[in-house]
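Position in the sequence shown counted from 1, then plus 44, gives you the working numbering.
Here the structure comes first, spelled out in structure tokens, and everything after it is commentary.
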Amino acid sequence: MSQIQSVENHGLNSTYFKSSFEQAHSKISDLEICLHKLYHKENEIFDRIVLAIKSNDNAQSIMLASELVRIRILKRNICVALELVYRYNTIHTY
């Protein structure tokens, strides 16, 4: 009887950890997708800054530059969060 309970408990624990891992994996995927979109947005804004500078539109180039800085800070924060999650998963997986 205790062997059956042990197997059942092990099965429940495995199911719990699997669902937790799947939830964490979906959140990681969401962060990676967001990071990818920010990368493309950063390139678009950079191109618009170049056009604004070429047309001598200082106000537009300054506004776009501040948005570019915000995106780069957000990207950095997401990268740090992903690195922490990857390290946590690596430590607790092995």
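The beta-carbon is built from N, C-alpha and C at its ideal position, and this holds for glycine as well.
Local conformation of residue i per DSSP, three classes
i, result
"residue 125", "helix"
"residue 91", "helix"
"residue 99", "coil"
"residue 113", "helix"
"residue 65", "Confidence in residue 65 is poor, its pLDDT being 47 and thus under 50, which makes the residue's placement too unreliable to answer from."
Rounded C-alpha distance that separates residue i from residue j
i, j, result
"residue 114", "residue 126", "18 Å"
"residue 87", "residue 80", "11 Å"
"residue 105", "residue 85", "15 Å"
"residue 72", "residue 119", "14 Å"
"residue 66", "residue 121", "Confidence is the limiting factor: at residue 66 the pLDDT is only 48, short of 50, which leaves the residue's position unreliable and the question unanswerable from this model."
"residue 82", "residue 116", "8 Å"
"residue 124", "residue 75", "11 Å"
"residue 108", "residue 78", "20 Å"
"residue 111", "residue 100", "18 Å"
Item checked: Contact between the stretch 89 to 98 and the stretch 123 to 138 (3+ Cβ pairs under 8 Å) -> The way I'd put it, the stretch 89 to 98 doesn't touch the stretch 123 to 138; fewer than three beta-carbon pairs between them come closer than 8 Å.
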